[in-house]
Every structure is written in C-alpha cells, then in structure tokens.
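Trainee: Each residue of the sequence shown is one higher than the last, beginning at 26 in my numbering.
Questions regarding the structure given below will be posed in turn.
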Amino acid sequence: MKKRFVAFLAIIMILYAFPLSLLAYDADKHDDYLEKVLLGSNAEAILKNKSAKEKMEMLEAASYLTIDQVQGKGETELKLLRKRKVSRVPKLSDIDLTGIFLGSHRNYTHRGWDYVYIIPKGEKRDKANWPVRKKLLCSTVNKVFDFGFMNELFGKVCDKGNSFSALVYYIHILGDHIYNEEYSVSDLTMPLARTNADDNNQDVFWELKKHCEVLFKDQKSSQKYISFMQELDALADKARELAGSKGGISDKNFGEYHQCAEDLMQLLEDYVPLMLAKEDFFENEFSAEKGK
Numbered sequence: 026m027k028k029r030f031v032a033f034l035a036i037i038m039i040l041y042a043f044p045l046s047l048l049a050y051d052a053d054k055h056d057d058y059l060e061k062v063l064l065g066s067n068a069e070a071i072l073k074n075k076s077a078k079e080k081m082e083m084l085e086a087a088s089y090l091t092i093d094q095v096q097g098k099g100e101t102e103l104k105l106l107r108k109r110k111v112s113r114v115p116k117l118s119d120i121d122l123t124g125i126f127l128g129s130h131r132n133y134t135h136r137g138w139d140y141v142y143i144i145p146k147g148e149k150r151d152k153a154n155w156p157v158r159k160k161l162l163c164s165t166v167n168k169v170f171d172f173g174f175m176n177e178l179f180g181k182v183c184d185k186g187n188s189f190s191a192l193v194y195y196i197h198i199l200g201d202h203i204y205n206e207e208y209s210v211s212d213l214t215m216p217l218a219r220t221n222a223d224d225n226n227q228d229v230f231w232e233l234k235k236h237c238e239v240l241f242k243d244q245k246s247s248q249k250y251i252s253f254m255q256e257l258d259a260l261a262d263k264a265r266e267l268a269g270s271k272g273g274i275s276d277k278n279f280g281e282y283h284q285c286a287e288d289l290m291q292l293l294e295d296y297v298p299l300m301l302a303k304e305d306f307f308e309n310e311f312s313a314e315k316g317k
C-alpha cells in the first residue's frame, strides 16, 4: 500500500512539474519573438542600452502576466512593474489563474484581445480576470512609450497604444501556434486562420492586419507598408484555404498550416521593425542609436 501511495505521489509531481517547465521554456522563446518583431536585427545592439533594456523587460513582464500567468506565479514580474512606476498594477490575487487542468490556461487568456469571457454564476469576474490583465499590458505600454499622463493615470490607452498592446498579445499567440508542432484541438486559442474571417469571426491574420492598420496608419502610402500588407494577405489566403479544405486542419495538412505560422512570424520580423522605426513614439525609446 505504501509503495502504491509513493508511486501515486511521484506521478502527481511529474504531471505538475511538466507544465511549469514548459511555461519556463515558453517564456524565453516568447521574449525572443517579441524582441525580434519589435527590434529586428538591431535587437542585441539596442538592448545594450540600459534604458531600452529596462523598457523591454517591462513589456515582457506585462506580456507574461497578461497572457501566461498561472498557479501563483508572477510576483517577481509584478514587483518589477511596480518598481518601474507602472500605474494600476494589480495584486497577484486579483489575476491569479488557479484551479485549472494542467496546461489549459490558454482557454482563459488566448481567445483574442477583445474576447469577452463568461463570468461564472456566483462569481464577480471571469476566471483569469481578463479585463484587469488587459489593462495591465495597456498601462505598461503607456508607461514605456508615454502616450500621455492622463491615459497612464486612468489606465486608458489611445488607439495606437491599444493596437501596440494587441500586437504584443498576438506575437505571443502566434508563438504558441508555432510551438504546437503536432495537430491538436485541445485548447481554445484563437485560430491562426478561419475560412471566412471577419470582425465577428476573427483569426490571428485578421487581428494582426486590423491592428497594424491602426498602428501604421501614417505610413499607408509607403512601399514598406504596401508590401507588408500584400504579403500578409497572400499568406492569410493560403492559411485560410487550408483551414477551409475538406475536413479542415488535420494531421494530413497540419505541416503546411504550421509553416504558415512560421512564415507569418518571419513576415512580422522582416517588416514590423522597419515600420516601427518610423514611428516617433517607438523611435524615442528604442532607436538604433540606443545601442551605441
């Protein structure tokens, strides 16, 4: 009986340790994706500057807390944001996602930037407290880029600030699609592609295009913006055609679908840093000169 009990405990420990190590791996990779999409090939040089490095740490901490915080983790990141004077930083207990099946945190935070989660009967908030998590990322973006004192004070965000926050969010969601190297329907992460995507039936492509149109609205006549949108649309068409094929996404066509996710991340890395470098709010904090 004692041996059975010990074996049972060992199994439980392994099951609980696995997702935590998985999340630790994810954190490093997600940070890497974020730095490459925002800073491009200049990332390493720019982040040698103390101010730029601190601001990137803030964005990475807020991204983790907003999207991946689970099971009592995250106090270190919250302390960092408080230390850097981000406004309206919540207590860990206000957002802590606990009591869920191992690895199922995506169901509560990965369904879309503007997704409205159902509040369980008898509860005051949805399980992950998405509105508070979302506001934390927006407040951090406000602090990093100084979109206005009043916005920061009241936890509001301007259109560009909201779309930049959404960009950070979808870089993470796209990273999760890339990480899923085998076909799975086990969680409710926003799909990479839907057959007939629109504002009521979003996919990652739809959302990235929508927010990039806001973020780079002053560059719509530039060749970089035009080329980016053309390539984004072409890749979206390919992924949506796969999603709409007979039987949808399956083991048979998952390899092609997965490649679309990788190609999308590369497209973002190729174009977004170049366009962000033309935006004053971004250039003031993360210019190439910062690394010198």
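C-beta: ideal position from N, C-alpha, C; glycine also.
Computed from a predicted structure; not experimentally measured.
Is GLU102 buried or exposed, if buried means 16 or more other CB atoms sit within 10 Å of its CB?
Mentor: Taking the sequence shown and counting its residues from 1, one reaches residue 102 at position 77. GLU102 comes out buried.
Trainee: Where DSSP assigns a beta bridge to ASN205, which residues make up the other side?
Mentor: Along the sequence shown, one-based indexing puts residue 205 at 180. BP columns for ASN205 are empty, so no partner.
Trainee: Tell me which residues share the same chain as HIS202 and place their Cβ nearer than 6 Å to its Cβ, disregarding the 5 neighbours each side in the sequence.
Mentor: Position 177 of the sequence shown holds residue 202. Closer than 6 Å at the Cβ level, and outside the excluded window around HIS202, lie LEU217, ALA286.
Trainee: Take MET290 and list the residues in its own chain whose beta-carbon comes closer than 7 Å to its own, dropping the five residues that flank it on each side.
Mentor: Walking along the sequence shown from the start, residue 290 turns up at place 265. Answer for MET290: TYR58, LEU199, ILE203, listed in chain order.
Trainee: Pick helix, strand or coil for ASP51, following the three-state DSSP scheme.
Mentor: Here the question's residue 51 lines up with position 26 in the sequence shown. DSSP places ASP51 in helix when its eight states are reduced to three.
Trainee: SER252 to GLU148, Cα distance in whole Å?
Mentor: As a working note, residue 252 is residue 227 in the sequence shown. As a working note, residue 148 is residue 123 in the sequence shown. Straight-line measurement puts the Cα of GLU148 at about 47 Å from the Cα of SER252.
Trainee: Would you tell me roughly how many angstroms separate the C-alpha atoms of GLN96 and LYS249, rounded to the nearest one?
Mentor: Counted from its first residue, the sequence shown places residue 96 at position 71. Counted from its first residue, the sequence shown places residue 249 at position 224. Each residue's Cα considered, the two are about 42 Å apart.
Trainee: Where ILE39 and THR123 are concerned, what is the direct C-alpha to C-alpha distance, given to the nearest angstrom?
Mentor: Numbered from its first residue, the sequence shown carries residue 39 at position 14. Numbered from its first residue, the sequence shown carries residue 123 at position 98. Here ILE39 scores only 39 on pLDDT, less than 50, and its place in the model should not be relied on; the value that follows carries that caveat. Roughly 18 Å separates the two Cα atoms.
Trainee: Do the region 68-86 and the region 223-235 meet, that is, are 3 or more Cβ pairs less than 8 Å apart?
Mentor: no
Trainee: Name the residue from ASP258, ASP305, PHE172, THR214 whose alpha carbon lies nearest to the alpha carbon of ASP93.
Mentor: One-based indexing of the sequence shown puts residue 93 at position 68. Out of ASP258, ASP305, PHE172, THR214, THR214 has the C-alpha closest to the C-alpha of ASP93.
Trainee: Is the region 186-199 touching the region 232-245, taking contact as three or more C-beta pairs under 8 Å?
Mentor: With the rule of 3 Cβ pairs closer than 8 Å, the region 186-199 counts as touching the region 232-245.
Trainee: Is the CB-CB distance between LEU64 and PHE241 below 8 Å?
Mentor: If you number the sequence shown from 1, residue 64 lands on position 39. If you number the sequence shown from 1, residue 241 lands on position 216. No, these two residues do not count as a Cβ contact at 8 Å.
Trainee: For the 8 Å Cβ check, are there 3 or more pairs between the region 66-79 and the region 219-228?
Mentor: no
Trainee: With a threshold of 16 other CB atoms inside 10 Å of the CB of LYS104, please say whether the residue is buried or exposed.
Mentor: Mapped onto the sequence shown, residue 104 falls at position 79. Result: exposed.
Trainee: Starting from the C-beta of GLY276, find all residues in its chain whose C-beta is less than 7 Å away, skip the five residues before and the five after it, and write them out in chain order.
Mentor: Along the sequence shown, one-based indexing puts residue 276 at 251. Note on residue identity: the sequence assigns Asp, not Gly, to residue 276. Non-local C-beta neighbours of ASP276 in its own chain, meaning closer than 7 Å and more than five positions away in sequence, comprise TYR208, ordered along the chain.
Trainee: So, using beta-carbon positions, are VAL114 and LEU162 closer together than 8 Å?
Mentor: Your numbering for residue 114 matches position 89 in the sequence shown. Your numbering for residue 162 matches position 137 in the sequence shown. No, the Cβ-Cβ distance between VAL114 and LEU162 is not below 8 Å.
Trainee: Quick one: Cα of LEU72 to Cα of LYS146, how far?
Mentor: Numbered from its first residue, the sequence shown carries residue 72 at position 47. Numbered from its first residue, the sequence shown carries residue 146 at position 121. Rounded to the nearest angstrom, the two C-alpha atoms are 46 Å apart.
Trainee: Can you check whether the C-beta of LYS271 is within less than 8 Å of a C-beta belonging to chain B?
Mentor: The structure shown contains no chain B; it is built from a single protein chain.
Trainee: Does LYS305 pass the burial test, meaning 16 or more other C-beta atoms within 10 Å, or should it be called exposed?
Mentor: As a first step, residue 305 is located in the sequence shown; it is residue number 280 there, counting from the start. The residue asked about is misnamed: residue 305 is Asp in this sequence, not Lys. Answer is exposed; the Cβ neighbour count stays below 16.
Trainee: The ligand NAD heavy atoms versus the CB of ASP258: any closer than 7 Å?
Mentor: Annotation note on the ligand NAD: not contained in the displayed structure, which lists no ligands.
Trainee: Helix, strand or coil for ASP121? Go by DSSP, reduced to three states.
Mentor: Along the sequence shown, read from residue 1 onward, the residue named residue 121 stands at position 96. Note: ASP121 maps to coil in three-state DSSP.
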